[in-house]
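**Student:**
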Amino acid sequence: MTQPTAFFASPAAPSSAAAFAARWADAALLLVAVVWGTSYGVAKGALVFYPVLGFLAVRFGLTLALLLPAWWRASPAQRRSALRAGLPLGWLLLGIFLCETWGLAHTQASHAAFLISLCVVFTPLAEWALLRQRPAPAMLGFAAVSLLGAALLSGGAPGLGEGGVAWGWGDALILAAAVLRAITVCATTRLTRGGGDSAAPVMALTAVQAAVVGSGALGLALALPGGLPPLPREPQFWGASAYLVLGCTVFAFGVQNWALRHSSPTRVGLLMGSEPVFGALFAVAWLGESLSPLGWVGGALIVAAALLTVRRRTASC
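According to my numbering, the sequence shown holds residues 389 to 705 in order.
(1) Does DSSP put residue 438 in a helix, in a strand, or in coil?
(2) Helix, strand or coil: how does DSSP classify residue 511 here?
(3) Just to confirm, is the Cβ distance from residue 428 to residue 625 under 8 Å?
(4) Under 8 Å, with one C-beta from each stretch per pair, do the stretch 589–600 and the stretch 479–498 reach the 3-pair mark?
(5) Could you give the distance in angstroms between the alpha-carbon of residue 523 and the alpha-carbon of residue 514?
(6) I believe residue 431 touches residue 489 by the beta-carbon criterion, under 8 Å. Please report the beta-carbon distance rounded to the nearest angstrom.
(7) Determine the extent of the alpha helix (DSSP H) in which residue 574 is found, giving its start and end residues.
(8) Can at least three beta-carbon pairs, one atom from the stretch 673–692 and one from the stretch 553–568, be found at a separation below 8 Å?
(9) Going by other Cβ atoms of all chains shown within 10 Å of its Cβ, with 16 needed for buried, is residue 674 buried or exposed?
(10) Beta-carbon separation of residue 532 and residue 664 under 8 Å?
(11) Between which residues of its own chain and residue 365 is the CB-CB distance below 8 Å, once the five residues before and five after are set aside?
(12) How would you label residue 558, buried or exposed, when you count the other beta carbons within 10 angstroms and need 16 or more for buried?
(13) Closer than 7 Å by C-beta to residue 509: which residues in its own chain qualify, once you throw out the five before and the five after it? Chain order, please.
(14) With DSSP collapsed to three states, give me the class of residue 526.
(15) Looking only at its chain, what residues have a beta carbon closer than 8 Å to the beta carbon of residue 609, apart from the 5 residues adjacent to it on each side?
(16) Taking the alpha-carbon positions, what's the residue 348 to residue 684 distance?
(17) In angstroms, rounded to a whole number, what distance separates the CA positions of residue 463 and residue 456?
(18) On the criterion of 16 or more Cβ atoms from any shown chain inside 10 Å, does residue 434 qualify as buried, or is it exposed?
(19) Between which two residues does the alpha helix (DSSP H) carrying residue 487 extend?
(20) Would you mind stating whether residue 492 and residue 574 have Cβ atoms separated by less than 8 Å?
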């Protein structure tokens, strides 16, 4: 059934309201990809001043402090829903951040950009395996285009050279993070959809996830020999932490949790697959790095794949 093309259709038609929410979900996820694209350079700067586990504990501890009012405003039923979904999702998120952060410290940025974008390919497979929903062939095609773009953006597959494939621990950790990202997208869809009035509010759910990641990172840090050094005093560290908390955590994860209620895991994974090109643009504009012509072609392919999936949704609504 063809729907009106105007955004401001009558709210009396549920299908039009759903189409409107779906368009906003796509736009919001692209904005999240922009914000997350900048996070690699910002996080690298913060890690100069503090170790990985301590940095994660600070970042997600501050996030939890900001989100506590949202938790207290939720009803008891909504809090129970937030705990049921947020606890397992928080452990998945902790695994993602541990793998990503340590991986970035032990591999080149181009390797990381290529490998983390593999979640675009893993998400349809995870959706098929976990949710029993076979993705449309067009979605798999768009994912393949996005993956090709990521390969060109990074200059090819990581570690390929005359001597063959040379993988390190950093590459393996980034690959594990990509797998966990795909699983988390599907798990979030399964655990957060439905529930009616007792469904967990987005910010209450994000608060639970932040609590799990922050406490998990702090517990691991304190369990290791030597513990943590004193908190840094450098303003660069706290500025980077504030940006990551407000932009890359509170905003980004809140938007992603909301958008997953109005989109499929495959579409979310594809839209988030544009993250590498935004990271490259940030590196060029802010860090003064250079990008080869082949890299720009790869970035254009990633953006084109994201725009094609948005167009496909608009046409099908």
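Glycine included, every Cβ here is placed at the ideal spot set by N, Cα and C. Every value quoted in this text rests on a predicted model; they were computed, and no experiment measured them.
**Tutor:** Reading it off the structure:
(1) Within the sequence shown, residue 438 is the residue found at index 50, counting from 1. For residue 438, the three-state secondary structure derived from DSSP is coil.
(2) For the purposes of this step, residue 511 is taken as residue 123 along the sequence shown, with counting starting at 1. Of the three classes helix, strand and coil, the one that applies to residue 511 here is helix, per DSSP.
(3) Looking up residue 428 in the sequence shown gives position 40. Looking up residue 625 in the sequence shown gives position 237. No, they are not a contact pair.
(4) Because the criterion of three Cβ pairs below 8 Å is met, the stretch 589–600 and the stretch 479–498 touch.
(5) Position 135 of the sequence shown, counted from the first residue, corresponds to residue 523. Position 126 of the sequence shown, counted from the first residue, corresponds to residue 514. Answer to the nearest angstrom: the Cα atoms are 10 Å apart.
(6) Stepping through the sequence shown from its first residue, residue 431 is reached at position 43. Stepping through the sequence shown from its first residue, residue 489 is reached at position 101. Taking C-beta atoms under 8 Å as the contact rule, residue 431 and residue 489 qualify, at a distance of about 7 Å.
(7) Start at 1 with the first residue of the sequence shown, and residue 574 comes out as number 186. From DSSP, the alpha helix (DSSP H) with residue 574 extends over 557–580.
(8) At 8 Å Cβ cutoff, the stretches do not touch.
(9) Position 286 of the sequence shown, counted from the start, is the residue given in the question as residue 674. Answer is exposed; the Cβ neighbour count stays below 16.
(10) One-based indexing of the sequence shown puts residue 532 at position 144. One-based indexing of the sequence shown puts residue 664 at position 276. With respect to the 8 Å criterion, residue 532 and residue 664 are not classified as neighbours on the basis of their beta carbons.
(11) Only positions 389 to 705 of the chain appear in this structure, which leaves residue 365 out of reach.
(12) Counted from its first residue, the sequence shown places residue 558 at position 170. It counts as buried.
(13) Locating residue 509 in the sequence shown gives position 121, where the first residue counts as 1. Closer than 7 Å at Cβ, skipping near neighbours: 531 and 535.
(14) Sequence index remark: in the sequence shown, residue 526 carries index 138 (1-based). Of the three classes helix, strand and coil, the one that applies to residue 526 here is helix, per DSSP.
(15) Here residue 609 is taken as the residue at index 221 of the sequence shown, counted from 1. Within the same chain, residue 609 has close Cβ partners 439, 441, 442, 445, 615 and 616.
(16) The displayed coordinates of the chain run from 389 to 705. Any statement about residue 348 would go beyond what the structure contains.
(17) Looking up residue 463 in the sequence shown gives position 75. Looking up residue 456 in the sequence shown gives position 68. C-alpha separation (whole angstroms): 13 Å.
(18) Locating residue 434 in the sequence shown gives position 46, where the first residue counts as 1. Residue 434 should be labelled buried.
(19) In the sequence shown, residue 487 corresponds to position 99, counting from 1. Start and end: 464–493.
(20) As a working mapping, residue 492 is identified with position 104 in the sequence shown. As a working mapping, residue 574 is identified with position 186 in the sequence shown. Not a contact, by the Cβ cut-off of 8 Å.
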